[in-house]
Structures are given as C-alpha cells and as structure tokens.
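Here you go:
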C-alpha cells in the first residue's frame, strides 16, 4: 500500500529556513534530499494504486525520475510502452511529451487509438535521442498514450546541424 | 543562410549568426518585436575588502565588483528543426550550455540552461547569472512575485518603508523570485518565469537577471561555518526559464496561466501495458 505521510513529514522538516534557502552544511543539505527521495518512494505506490483503480488495469507502473537528464530505462529499451500523463490543473491542457528512446522510428497513438504526430530528436551533447509528441490532457485527469516501435522504419531522427560561427 | 532563427505560429527568436547569442524576440500575434540579448555572466564572490570584511557565502550574496564577467562572448551552436520543435543548442563553455526551444503552439520561448560544475581552480568563488538586456525604458522599476501570488514593484536603490543608504549596488538590489520577474515600459512587457526560486534583479534600465548557480570558497561568518562549495567536482544544475513577450495590457493573462502550468506540471508515468483488469468483472 502507498503512503504520503513520509513525504508530508519530509516537507514539514524542510520548512526550516536552512532547507528553503540552502544555508545549511553540505551533509545537512544532503540529508534533506535523502528525506525527500525516501518520502517520494511510497508516494509512487500510492499513485500507482490510484492509476490502477482509475484506469481499470493493474500495471507495473514505472516512474522515471531523471527525465531532465534524458534517462528512462523503460522508454529507452521497450519496443512498446504506455505513457500515462496526469494533469493536476483544473483545466484541459496541451503538453509536449519528451522521452528518451532507442534508435528507432515510433508510432504514437492517443487514447482513441488515433496516430498522433511525433518526432525523434538527437541530443547534441550525448547523441542520445528523444521522442516528442503532443498530448491533450483533461482537467484534473489523465490520458494514456501508446508508443510502439515502427517495424522497419529507419529512425528519421533530426540531427542538430552545427553552425560554424565566424572564427574568433 | 546566415539567418539563425527559430519560429512557430506565435513566436520568432533570432540569433546573431556570428556569436550564436539571442538578439531578438518577436510576438507574431501582437506584432511585437523586442531586441533582447541574453547571455551568462559570473560575479566574482567577495572575500572581504577595505569597505567591509563581509564574505559572499550561503547567507550573504556579495560580489567583489559591480560588473560581472561574461561566461563567453559567443556560443558554438547547433540547430534542430522538426515539425514539432525548433531548437538552438548553445555551448558557451565546458560548464555552461543552453537549449533555446520553441514547441509547436507554444507562446513562450523556453531556455533550458545547464550550468556546472563551476570551476574554482582559479581561487575565485563564482555566482552565475542569466541576464536579458533590452532597450525597454523601465525607469529603475522591475517586478518580482511572492510565492507566485502578489507581484511587488521594486525600485532600484530604494525601499518603500525606510530611507535606504545603499551600500551594496548589486546585492542591495537583489530580491527573491519564486516564479517570475518582469520589466516593462508603457507598451511592452518582458516576463521571465522560473522553474524554482532564484535571486533576481534589474541593475540597469531594460535589463533583468536571475542567479542560477553559485560555488563559493569561504564561509560568510553567519553560522554555517562551511563554504557553499559542494563536495567533489561540484554540482551541475539544469533548469528552465520561460520568456514571454507581451503587450502590458495582456501580459498578466499570459504569465499567470503559463506559471500555473509550470508549477503544477503534468506527472508522467510509464508502463509496459498488458496489465490485468483491476475489477474481476
């Protein structure tokens, strides 16, 4: 069973001005981060249980915490996977989903099974690549998109074109 | 072509073809064009001087001179253009890079900056800022929010509740920015949304800056008894600034709706699919 109390507890501890403004010793700052991460774990279980009940399917839900550095083992290895996007705002929202993927072409389908436009972009710094697709999200709700590798389709990945600045 | 620009239905951003730096932003819906230069700079952290022994540290921001140094006068750039996104990848130095991005349908310019590990081998602590310089006649005024709610007017070298004797030309004009900072003239507003709390200011008319990272070598004597130094190689940090260009009359709608999306961003969860039904029936 999931539990949000540990995260609540961590957030309560982090009301201290040292946590808010970074005026603590390094080991204390590291412990603040540890408490937040430890508090987040049981929240993932809570979120998974809610999604299972609301979507009607018990899934092995995966959370990629390092999307900001383009790391997500599931989307980088799976041939097919689902992307569940929860919108906490009280209004409908359009949002560009960006996920690290392996070197393939992909087909993305919306909750109605309609193919949505998608792109694959190569990251200049790491030569990894990311799949982009626009998602439409209901207010205070979630949408489930399906991603599958397009058999035989060469990745039409858009490689960044270097610009040679004037020699300095 | 020599022209280095990215564009979608609403926004166009132009870059100097020689330096790779942002030089202009255009709101196509409102026919607004604003020359805006953006670059990264670093303040040299004070270790105390003849005016004051105060060191720049965890509690105290105190640069040792008013003018920051540019991280780089130019950037190595790469261009990505697809039907869904147009990006300019800027590489300023081994520890400072940025992606300027426009997704299809987006009404703001996204600057995803990556800064660090900050080199301190030269014995200088450094405080890194991203600065936007425009020709807006802002008359010493700029605006910062308080926890995403009330926006306060700030005036350079001034306090509304007491007669300020300004002794720190830079630090004395820095304010907390929880979600946004903006400058404007009678017609045009430039707003920068942050994805976390930062320090910010407008130290000259038309200019706005946000501090994105710091790495210091001395303790500031306020109780931590440790420099803000980070262990090992030091941290590198990635974040985003969302830049909106609007007419003053319509700017609040734009930044308030966008800031809500930023603070309450969607949560992405993945699954391999093929789960068993939750309800037996």
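Chains as they are written, first to last, in the working numbering: chain B, 1 to 168; chain E, 1001 to 1281. Don't be surprised by glycine CBs; every beta carbon is placed ideally from N, CA and C.
Can you list, in chain order, the residues of its chain with a C-beta nearer than 6 Å to that of residue i? Leave out the 5 residues immediately preceding and following it.
| i | result |
| --- | --- |
| residue 1064(E) | 1044, 1046 |
| residue 1017(E) | 1002, 1004 |
| residue 1059(E) | 1220, 1222 |
| residue 109(B) | 115, 146 |
| residue 999(E) | Missing from the structure shown is residue 999(E); chain E here goes from 1001 to 1281 and no further. |
| residue 1157(E) | 1166 |
| residue 975(E) | Summary: the structure shown does not reach residue 975(E), with chain E confined to residues 1001 through 1281, and so no result is reported for it. |
| residue 1163(E) | none |
| residue 1133(E) | 1037, 1207 |
| residue 1280(E) | none |
Since residue i contacts residue j with CB under 8 Å, what's their CB separation in whole angstroms?
| i | j | result |
| --- | --- | --- |
| residue 1101(E) | residue 1110(E) | 4 Å |
| residue 139(B) | residue 92(B) | 5 Å |
| residue 1180(E) | residue 1191(E) | 6 Å |
| residue 1269(E) | residue 63(B) | 6 Å |
| residue 1240(E) | residue 1067(E) | Between residue 1067(E) and residue 1240(E) the Cβ distance is about 27 Å, and since that is not below 8 Å, they are no contact. |
| residue 1168(E) | residue 1062(E) | 7 Å |
| residue 1206(E) | residue 1135(E) | 6 Å |
| residue 1246(E) | residue 1027(E) | 6 Å |
| residue 66(B) | residue 1238(E) | In fact, because the Cβ distance is near 11 Å, the residues do not count as touching under 8 Å. |
| residue 1114(E) | residue 1097(E) | 5 Å |
What residues in its chain sit with their C-beta under 7 Å from that of residue i, if we drop five residues either side in the sequence?
| i | result |
| --- | --- |
| residue 46(B) | 2, 3, 4 |
| residue 44(B) | 63 |
| residue 107(B) | 115, 148, 150 |
| residue 1185(E) | 1136, 1137, 1138 |
| residue 1118(E) | 1095, 1126, 1128, 1213, 1215, 1234 |
| residue 166(B) | With a pLDDT of 47 at residue 166(B), under the threshold of 50, the modelled position of this residue cannot be trusted, and the question is left open. |
| residue 128(B) | 70, 100 |
| residue 168(B) | Residue placement at residue 168(B) cannot be trusted, given a pLDDT of 36 that sits under 50; the coordinates are not used to answer. |
| residue 1148(E) | 1178, 1179, 1259, 1263 |
| residue 1029(E) | 1010 |
Is the beta carbon of residue i within less than 8 Å of some heavy atom of the ligand FMN?
| i | result |
| --- | --- |
| residue 1173(E) | Looking for the ligand FMN in the displayed structure turns up nothing, as the structure carries no ligands at all. |
Taking the alpha-carbon of residue i as reference, which of the options has the nearest alpha-carbon?
| i | options | result |
| --- | --- | --- |
| residue 1159(E) | 1141(E), 1147(E), 1148(E), 1145(E) | 1141(E) |
| residue 1082(E) | 137(B), 141(B), 133(B), 94(B) | 133(B) |
| residue 955(E) | 1206(E), 1131(E), 1227(E), 1217(E) | Only positions 1001 to 1281 of chain E appear in the structure, and residue 955(E) is not among them; the question remains open. |
| residue 1091(E) | 1164(E), 1039(E), 1261(E) | 1039(E) |
| residue 1173(E) | 1197(E), 1185(E), 1208(E) | 1208(E) |
| residue 23(B) | 1259(E), 1251(E), 1225(E) | 1225(E) |
| residue 1271(E) | 76(B), 21(B), 123(B) | 76(B) |
| residue 1080(E) | 119(B), 11(B), 141(B), 19(B) | 119(B) |
| residue 89(B) | 1027(E), 1201(E), 1260(E), 1026(E) | 1260(E) |
| residue 1013(E) | 1093(E), 1099(E), 1072(E), 1212(E) | 1099(E) |
| residue 1087(E) | 1279(E), 1146(E), 1015(E), 1056(E) | 1015(E) |
| residue 29(B) | 18(B), 39(B), 141(B), 38(B) | 18(B) |
| residue 117(B) | 41(B), 97(B), 11(B) | 97(B) |
| residue 1274(E) | 41(B), 42(B), 55(B), 11(B) | 55(B) |
| residue 1175(E) | 1161(E), 1187(E), 1155(E) | 1155(E) |
Would you say residue i and residue j are within 9 Å of each other, going by their C-beta atoms?
| i | j | result |
| --- | --- | --- |
| residue 1277(E) | residue 57(B) | yes |
| residue 1033(E) | residue 1023(E) | no |
| residue 70(B) | residue 130(B) | yes |
| residue 1116(E) | residue 1042(E) | no |
| residue 143(B) | residue 84(B) | yes |
| residue 1144(E) | residue 1170(E) | no |
| residue 1020(E) | residue 1074(E) | yes |
| residue 1127(E) | residue 1255(E) | no |
| residue 35(B) | residue 1231(E) | no |
| residue 1093(E) | residue 1071(E) | yes |
| residue 137(B) | residue 95(B) | yes |
| residue 87(B) | residue 141(B) | yes |
Once the 5 residues before and after residue i are set aside, which same chain residues still bring their CB inside 8 Å of it?
| i | result |
| --- | --- |
| residue 1217(E) | 1045, 1047, 1120, 1123, 1124, 1125, 1227, 1229 |
| residue 59(B) | 48, 51, 52, 82 |
| residue 1285(E) | Residue 1285(E) is absent from the structure shown; chain E starts at 1001 and stops at 1281. |
| residue 1106(E) | 1008, 1010, 1011 |
| residue 74(B) | 62, 64, 81 |
| residue 1050(E) | none |
| residue 1258(E) | 1107, 1108, 1193, 1242, 1244 |
| residue 14(B) | 20, 32, 35, 36 |
Does the beta carbon of residue i come closer than 9 Å to any beta carbon on chain C?
| i | result |
| --- | --- |
| residue 67(B) | The chain labelled as chain C is not found among the protein chains of the depicted structure, namely B and E. |
Entirely enclosed beta strand (DSSP E) segments - the stretch 1196 to 1249 of chain E, minimum 3 residues: Along the stretch 1196 to 1249 of chain E, the beta strand (DSSP E) occurs as fully enclosed runs of 3 or more residues at 1198 to 1201, 1207 to 1215, 1237 to 1247, listed in sequence order.
Alpha helix (DSSP H) runs contained entirely in the stretch 1084 to 1117 of chain E, provided each spans 4 or more residues: none
Entirely enclosed alpha helix (DSSP H) segments - the stretch 69 to 120 of chain B, minimum 4 residues: 73 to 77
Those runs of the beta strand (DSSP E) which lie wholly inside the stretch 1138 to 1189 of chain E and span at least 3 residues: When DSSP assignments are scanned along the stretch 1138 to 1189 of chain E, the uninterrupted stretches of beta strand (DSSP E) that are 3 or more residues long and fall wholly within it turn out to be 1141 to 1145, 1151 to 1155, 1175 to 1177, 1180 to 1184.
Uninterrupted beta strand (DSSP E) stretches inside the stretch 1023 to 1083 of chain E (no shorter than 3 residues): As far as the stretch 1023 to 1083 of chain E is concerned, its whole beta strand (DSSP E) runs of at least 3 residues are 1032 to 1044, 1076 to 1081.
Inside the stretch 39 to 63 of chain B only - alpha helix (DSSP H) runs reaching at least 4 residues: none
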